[in-house]
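When you line the sequence shown up against our numbering, it's residues 1 to 145, in that order.
Each remark here refers to the structure printed beneath this line.
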Amino acid sequence: MLKGIDPVVSPELLKVLCEMGHGSEILFADGNFPSHDYNVKKIIRLDGIDIPTVLKAIMPLFPLDTFVESPVVLMQPNADFGREPDVWAKYKDIIAKHQKVNYEYLERFAYYDRCKNVYAIVATSELEIYANIILKKGVIFPDKK
1 MLKGIDPVVS PELLKVLCEM GHGSEILFAD GNFPSHDYNV KKIIRLDGID
51 IPTVLKAIMP LFPLDTFVES PVVLMQPNAD FGREPDVWAK YKDIIAKHQK
101 VNYEYLERFA YYDRCKNVYA IVATSELEIY ANIILKKGVI FPDKK
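Below, the structure written as structure tokens:
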């Protein structure tokens, strides 16, 4: 345990967040995502935890990339789904408390292709479908004194 770090952030997750470099991407996967089908460097299991809980825990620690137009990527639902997943509003609210960003929306199979290149996948127990979210890591600028 560490002061100021939410216990949802496991030692393994904290290590991965630190290891990631500028431009590296991490996928927070819902419970239906085939996380173990991907040959990525790290797969972290956060069983029993939903994605909004994880985002609340990591966003105070994790800078989003300011050098790209959209450092957050969501999986666009199929047309027959007919709506934006409810959980997206939670994501946008949590992220907005830390940084103003644009979002990219990718078609399902394009999203799966993008996931092949992420640095790590965090496999959660998120129940909502189309709830996967990719975050691109930015830089922490030195304080100007």
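Here a beta-carbon is modelled for each residue, glycine too, at the ideal position from N, C-alpha and C.
In this text the structure is predicted, and so the values were computed from the model without any measurement.
| Check | Outcome |
| --- | --- |
| Less than 7 Å between C-beta atoms, sequence neighbours within five positions excluded: which residues of the same chain meet that for N102? | E69 and S70 |
| With DSSP as the reference, please indicate the residues paired to K42 in a beta bridge. | A120 |
| Less than 7 Å separating the beta-carbons of L13 and I44? | yes |
| Write down every uninterrupted run of the beta strand (DSSP E) in the region 32-110 whose length is 3 residues or greater and which is fully enclosed by it, in chain order. | 42-46, 72-75 and 103-106 |
| Taking only three categories from DSSP, how would you classify S135? | In the sequence under discussion, the amino acid at residue 135 is Leu, which differs from the Ser named in the question. Residue state, collapsed to three classes: strand. |
| Using alpha carbons as the reference points, say which of K136, I121 and D30 lies closest to Y38. | I121 |
| Nearest to L127 by CA position, among L46, D86, I26 and D30, is which residue? | D30 |
| Tell me the residue span of the alpha helix (DSSP H) that contains E19. | P11 to E19 |
| For W88 and P77, I'd like the C-alpha separation in whole angstroms. | 12 Å |
| For T124, count neighbouring C-beta atoms within 10 Å of its own C-beta (all shown protein chains included) and say buried if the count is 16 or more, exposed if not. | buried |
| Could you check the C-alpha separation between S24 and D143 for me, to the nearest Å? | 23 Å |
| Whose C-alpha, out of D80, K3 and L74, is nearest the C-alpha of K90? | L74 |
| Since F28 sits in a beta bridge, which residues does DSSP pair it with? | V122 and I133 |
| Taking a contact to mean a Cβ-Cβ separation below 7 Å, would you say V8 touches A57 in this structure? | yes |
| DSSP three-state label for D6, please. | coil |
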